[in-house]
Amino acid sequence: MRAMKPGTALSVIALIGALAMLLWSCASTGSEPDEQGETIVYEEGFESSLGGWSGRGPETIQLSGEHARSGSQSAKISGRTSTWNGPIREVTTALRPGSTYRIGAWALFTEGPDSQFINVSVQQSPDGEGETYTTVGSGNLVKGEWAYIEGVFTVPRSEFVVPVSLYFETPYKEDGEAESDDLIDFYIDDVSITKMPPPPPPEAETDIPAFHTFFDGFTVGTAVKRGYLNPNNDHHELLRHFNFFVYENEMKMDAMQPVEGQFRFDNADRLLEYTEARGVDVRGHTLVWHSQHPGWFFTDSGGSTVSREVLLERIRTHVQTIVSRYAGRVKYWDVANEVIGDDGELRDSQYLQIVGSDEYIRRAFEWAHEADPDARLFINDYNVSFSGPKQDALYELVRDLKEDGVPIHGVGMQMHVRLGHPPVYEVENAIERFASLGVEVHVTELDVSVYESADEAQKMGDDQLLVRQANRYARLFRVFGEQAALGNLQNVTIWGISDGDSWKNSHPTPGRDDYPLLFGRDLRAKPAYWIFADPERLPIFIKSANAINVQGEMDGPDSEAWDYASPMEITDRVGNLYGTFRAVWEPDSLHILATVDDATPEDTDGVTLFMEPYNVKSETLTQGVQTVEVSRAESVSDDGERYTVLATIPLTQGEGVAGHRVGFDLRITDGDEFRSWNDHTHAQEQATENYGTVVMTELPPMGFAQQGTPEIDAEIDAIWDEITPTPMLVETEGVTAEGSTFRVLWDEQYVYVLFEVVDPVLNDDSPNAYEQDSVEVFIDENNAKTSTYQSDDAQYRVSFRNHQSFNGGDESRFRSAAATTSDGYRVEVAVPFTEIEPSAGTVIGFDVQINEADASGARTGIRNWVNDTNMGFQDTSGFGVLMLE
Ligand code: XIL
Numbered sequence: 009m010r011a012m013k014p015g016t017a018l019s020v021i022a023l024i025g026a027l028a029m030l031l032w033s034c035a036s037t038g039s040e041p042d043e044q045g046e047t048i049v050y051e052e053g054f055e056s057s058l059g060g061w062s063g064r065g066p067e068t069i070q071l072s073g074e075h076a077r078s079g080s081q082s083a084k085i086s087g088r089t090s091t092w093n094g095p096i097r098e099v100t101t102a103l104r105p106g107s108t109y110r111i112g113a114w115a116l117f118t119e120g121p122d123s124q125f126i127n128v129s130v131q132q133s134p135d136g137e138g139e140t141y142t143t144v145g146s147g148n149l150v151k152g153e154w155a156y157i158e159g160v161f162t163v164p165r166s167e168f169v170v171p172v173s174l175y176f177e178t179p180y181k182e183d184g185e186a187e188s189d190d191l192i193d194f195y196i197d198d199v200s201i202t203k204m205p206p207p208p209p210p211e212a213e214t215d216i217p218a219f220h221t222f223f224d225g226f227t228v229g230t231a232v233k234r235g236y237l238n239p240n241n242d243h244h245e246l247l248r249h250f251n252f253f254v255y256e257n258e259m260k261m262d263a264m265q266p267v268e269g270q271f272r273f274d275n276a277d278r279l280l281e282y283t284e285a286r287g288v289d290v291r292g293h294t295l296v297w298h299s300q301h302p303g304w305f306f307t308d309s310g311g312s313t314v315s316r317e318v319l320l321e322r323i324r325t326h327v328q329t330i331v332s333r334y335a336g337r338v339k340y341w342d343v344a345n346e347v348i349g350d351d352g353e354l355r356d357s358q359y360l361q362i363v364g365s366d367e368y369i370r371r372a373f374e375w376a377h378e379a380d381p382d383a384r385l386f387i388n389d390y391n392v393s394f395s396g397p398k399q400d401a402l403y404e405l406v407r408d409l410k411e412d413g414v415p416i417h418g419v420g421m422q423m424h425v426r427l428g429h430p431p432v433y434e435v436e437n438a439i440e441r442f443a444s445l446g447v448e449v450h451v452t453e454l455d456v457s458v459y460e461s462a463d464e465a466q467k468m469g470d471d472q473l474l475v476r477q478a479n480r481y482a483r484l485f486r487v488f489g490e491q492a493a494l495g496n497l498q499n500v501t502i503w504g505i506s507d508g509d510s511w512k513n514s515h516p517t518p519g520r521d522d523y524p525l526l527f528g529r530d531l532r533a534k535p536a537y538w539i540f541a542d543p544e545r546l547p548i549f550i551k552s553a554n555a556i557n558v559q560g561e562m563d564g565p566d567s568e569a570w571d572y573a574s575p576m577e578i579t580d581r582v583g584n585l586y587g588t589f590r591a592v593w594e595p596d597s598l599h600i601l602a603t604v605d606d607a608t609p610e611d612t613d614g615v616t617l618f619m620e621p622y623n624v625k626s627e628t629l630t631q632g633v634q635t636v637e638v639s640r641a642e643s644v645s646d647d648g649e650r651y652t653v654l655a656t657i658p659l660t661q662g663e664g665v666a667g668h669r670v671g672f673d674l675r676i677t678d679g680d681e682f683r684s685w686n687d688h689t690h691a692q693e694q695a696t697e698n699y700g701t702v703v704m705t706e707l708p709p710m711g712f713a714q715q716g717t718p719e720i721d722a723e724i725d726a727i728w729d730e731i732t733p734t735p736m737l738v739e740t741e742g743v744t745a746e747g748s749t750f751r752v753l754w755d756e757q758y759v760y761v762l763f764e765v766v767d768p769v770l771n772d773d774s775p776n777a778y779e780q781d782s783v784e785v786f787i788d789e790n791n792a793k794t795s796t797y798q799s800d801d802a803q804y805r806v807s808f809r810n811h812q813s814f815n816g817g818d819e820s821r822f823r824s825a826a827a828t829t830s831d832g833y834r835v836e837v838a839v840p841f842t843e844i845e846p847s848a849g850t851v852i853g854f855d856v857q858i859n860e861a862d863a864s865g866a867r868t869g870i871r872n873w874v875n876d877t878n879m880g881f882q883d884t885s886g887f888g889v890l891m892l893e
């Protein structure tokens with residue numbers, strides 16, 4: 009959050025000296041580090057004066073004896089007219105470039121809303137003129153209670169230009185939008201700045217089990233840089249986690265044969281010395297690749313492109329020299345790397361251009377086989393772990409090579425994947441598909457980027473993100489284990505060891521920190537390691553669930569109103585499922601219907617609910633937490649295998665309001681064991697910090713989809729006759745014809761939509777796809793109604809001529825067909841599920857749209873099923889919902 013303070017820059021250098029003197033005169037604590045290496049460099053308790061604090065705007069700041077967190081006084085801020093108004097103090101001389109500080113303060117407000125945020129921010133003048141504002145910490149205050157606000161701030165090394173000031177404010181809103189709740193009076197007390205010890209140098213843990221020992225049936229490899237092999241290298245200790253190795257760069261063509269005929273073997277030799285001492289296998293990466301080849305490879309001494317014969321001869325020499333040198337020692341070779349293009353054709357590389365066919369691939373395998381008949385020869389590629397033209401092309405190529413007797417023994421799926429893509433069932437299908445060709449399948453370059461696209465902004469590698477990633481690793485390795493047990497998969501290699509050394513920091517977006525691997529920048533094991541080693545050590549992920557407003561419709565456990573709410577799964581940290589719950593609300597109640605799987609009824613069985621009214625995540629049990637216990641004996645149904653309880657938590661005014669968030673947890677007691685929705689330490693009675701969040705939301709318009717799989721051919725197959733068309737009535741913008749409808753079906757892989765659009769003039773002259781006569785489908789698979797797209801959110805557009813365009817989603821699996829009709833056009837689409845595995849009862853966020861163009865090619869209007877904001881391309885909160893029946 010950035011706040012803006014209009015007006016003059018604080019650049020009066022003469023003042024700085026005076027302020028600095030003041031600062032030190034009130035810094036009452038000495039500057040000796042304590043046991044943790046922390047040093048208090050500034051403290052202010054407002055006992056004798058304001059200590060140099062002043063208002064940022066026209067507000068009043070004064071010493072006050074009305075309230076004090078310690079001693080008898082605090083600083084009171086009143087008369088605020090903008091959110092950015094608040095107390096400010098320059099702290100330049102307390103800070104040192106490159107050091108990290110913890111800023112702490114206590115704050116209180118006593119009038120106005122039940123809760124409000126107060127932020128602590130840092131104001132800097134990096135170039136001595138303009139100002140920057142960085143919010144470093146935030147406190148969610150409950151009226152009448154002192155709350156501690158803490159933030160961490162690292163002073164930039166490069167641009168440490170005075171002055172630097174600290175200030176407090178409420179979250180920024182434009183002046184016109186700020187309400188009295190945003191302009192409350194507040195008090196601050198006991199402000200401190202503590203210098204943190206420098207982070208320890210990275211050091212790998214030596215006492216944790218080796219990662220590969222968690223898996224049976226396949227070897228677990230990593231890509232190494234040559235420096236790691238040196239026992240003094242900080243990554244060396246981490247090599248023991250793996251029992252298979254590949255060089256990240258050192259065996260590529262530019263490294264092995266930088267000058268024609270001059271081969272370099274020393275690096276490869278070193279890797280083999282290491283792996284042979286450990287008795288583990290190596291992959292040689294790679295022989296034929298369009299990237300990282302030496303400059304001379306495709307040209308002659310005069311600089312002209314070489315002939316087909318010369319190139320094939322060069323490939324032969326390269327392959328045979330290297331493979332024969334390591335015959336019997338390098339067990340696996342990536343003979344051909346990335347030879348398929350994203351379009352599913354052979355990659356248009358210099359190899360293909362010069363040789364003219366796939367012969368360079370065939371020959372490379374044959375030459376490698378001659379050089380070492382025992383080596384296992386692989387073809388390796390990316391984006392082949394999900395279905396689409398590229399996977400099809402690789403499958404067909406390997407099939408053809410095998411049919412023609414070319415010695416190929418394995419398919420390498422690189423698997424540079426993301427948190428949200430591809431879904432694990434795609435990975436599973438891909439492994440089975442390649443294995444069905446009778447070849448080995450290896451995952452050769454696994455990493456899990458935390459970004460869904462190249463232009464997503466830099467993220468902090470915080471616990472919440474890393475736990476999501478750990479779950480992603482766990483789901484992938486579950487599939488790997490199953491496939492290995494079936495004999496379909498023999499190796500999984502991770503592309504690197506520590507986040508700091510990963511290629512993903514420069515690919516596809518240079519300079520953007522990624523966190524794709526098992527070990528952090530500090531070389532310590534991340535949640536992605538601990539989820540396998542000891543899930544109890546994972547930080548707790550704060551989940552969020554929507555409660556739906558069912559005012560006046562709730563009439564007990566069998567009420568149809570429950571169908572509006574999505575079932576939330578109650579799992580342990582590794583995903584074992586113990587039950588589900590649904591949440592709905594009315595202005596005076598939060599109702600929870602929870603179903604628990606427990607086939608061993610015991611007297612102690614039951615469910616406990618915890619509700620904290622302001623969603624304050626605190627290390628203590630804050631004021632107002634309500635607890636409701638329902639025993640199994642009080643359940644509304646129980647068949648001995650599972651039971652269902654209904655519980656109601658009273659809401660007070662201000663809580664039963666759309667948009668309000670409460671802290672919430674649900675804990676199952678099974679005999680003498682606990683299972684919780686969110687706090688897996690089950691310490692709900694001691695702290696609210698690990699409660700999940702429940703958001704009070706309004707029910708959006710809902711549609712229902714029957715199960716069924718139509719053919720995508722723009723015809724109204726018999727299966728569609730069963731479905732009543734839904735009219736599209738929301739006139740979002742401009743003028744559109746009346747009478748257009750859509751119908752929906754679903755199966756485990758897709759949502760199918762059949763549009764019948766009434767449109768007298770069909771036109772697609774505009775170069776912008778959204779201005780052509782076209783239909784759109786919006787999908788929010790987890791129905792999370794977020795203000796920005798998440799990985800499960802997507803928009804698919806199809807013109808009346810079946811031209812497709814996309815925003816998110818899985819283009820490779822999307823299918824569509826279009827046809828013109830007597831009064832307009834018809835479009836039939838299959839929209840793939842990419843994250844959820846749907847079943848009857850699943851509710852997804854959903855909307856459809858028609859874009860209508862006139863004869864001149866201009867868009868004259870937009871029509872929707874539900875959302876009239878025309879913001880559905882980035883904000884899913886306005887979508888309707890679709891229940892799969
Ligand atoms: C990458 C390396 O990780 C980087 O260090 C190097 O700069 C570029 O290549 N597919 C492959 C790998 O087959 O060889 C690539 O490795 C990543 C994509």
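Position one of the sequence shown corresponds to residue 9 (the numbering used here), numbered consecutively onward. Glycine included, C-beta positions come from ideal geometry on N, C-alpha and C. Small disclaimer: the values here were computed from a predicted structure and weren't measured.
Ranking P516, A443, T517 and D507 by CA distance to the CA of N499 puts A443 first. Under a 10 Å Cβ-count criterion, I844 is classified as exposed, with fewer than 16 other Cβ atoms of the shown protein chains found around its own Cβ.
Within a 10 Å sphere around the beta-carbon of F814 sit fewer than 16 other beta-carbons, which makes this residue exposed. Burial of N771 is indicated by the presence of at least 16 other C-beta atoms within 10 angstroms of its C-beta.
Just measuring C-alpha positions, the residue of V806, G495 and L474 sitting nearest W538 is L474. In chain order, F373, L385, I387, V406, L409, K410 and V447 place their CB closer than 7 Å to the CB of I416, counting only its own chain and leaving out the 5 sequence neighbours on each side. The beta carbons of T91 and A186 sit about 5 Å from each other, so the pair counts as a contact at 8 Å. F253 sits close to V232, with the two beta carbons spaced by under 9 Å.
Between ligand 1 and the CB of S299, the shortest heavy atom gap is smaller than 8 Å.
If you check the C-beta of E258 against ligand 1, you find no heavy atom less than 8 Å away.
Taken atom to atom, the span from the alpha-carbon of E213 to that of A113 is near 35 Å.
Under the three-pair Cβ rule at 8 Å, the segment 411-431 counts as touching the segment 390-401.
Membership of H599 in the beta strand (DSSP E) is indicated by the continuous run S597 to D605. Judged by their CB atoms, S173 and T100 are nearer to each other than the 9 Å cut-off.
Here T108 has T162 and M204 as same chain residues with Cβ atoms under 6 Å from its own Cβ, once five neighbours each way along the sequence are excluded.
The distance from the Cβ of Y368 to that of L320 is about 7 Å, consistent with a contact at the 8 Å cut-off. If you ignore the 5 residues before and after Q631, its C-beta comes within less than 7 Å of the C-beta of V150 and E153, all in its own chain and listed in chain order. Cβ atoms of A541 and P210 stay farther apart than 8 Å, at about 19 Å. Secondary structure at R371: helix, using DSSP grouped into helix, strand and coil. Within 8 Å of the C-beta of A231 there is at least one heavy atom belonging to ligand 1.
At a Cβ-Cβ threshold of 9 Å, F223 and F488 count as neighbours.
Put simply, the backbone Cα of E789 is about 46 Å away from that of R371.
Put simply, the backbone Cα of D801 is about 17 Å away from that of P708.
Note that the C-beta distance between S129 and E177 is below 9 Å. Rounded to whole angstroms, the gap between the alpha carbons of R486 and F527 is 20 Å. The beta carbon of I502 sits closer than 6 Å to those of T230 and L454, all from its chain and outside the five residues before and after it, given in chain order. Per DSSP, the continuous beta strand (DSSP E) segment holding N388 begins and ends at R384 to D389. With respect to the C-alpha of L654, the residue from A641, H688, P543 and V837 having the closest C-alpha is A641. Pairing A536 with Y481 gives a Cβ-Cβ distance under 9 Å. DSSP places A263 in the uninterrupted alpha helix (DSSP H) bounded by M261 to M264. When C-beta atoms of the segment 558-568 are compared with those of the segment 238-251, fewer than three pairs fall below 8 Å, so the two segments do not count as touching.
For G364, the three-state secondary structure derived from DSSP is coil.
Contiguous beta strand (DSSP E) elements confined to the segment 396-424 occur at 418-421, taking only those with 3 or more residues. By the criterion of a C-beta distance shorter than 6 Å, R545 is surrounded in its chain by W538, once the five residues flanking it on both sides are discounted. Of the heavy atoms belonging to ligand 1, none sits nearer than 8 Å to the Cβ of T517.
If you compare the alpha carbons of H377, P575, G287 and G59 with that of R333, the shortest gap goes to H377.
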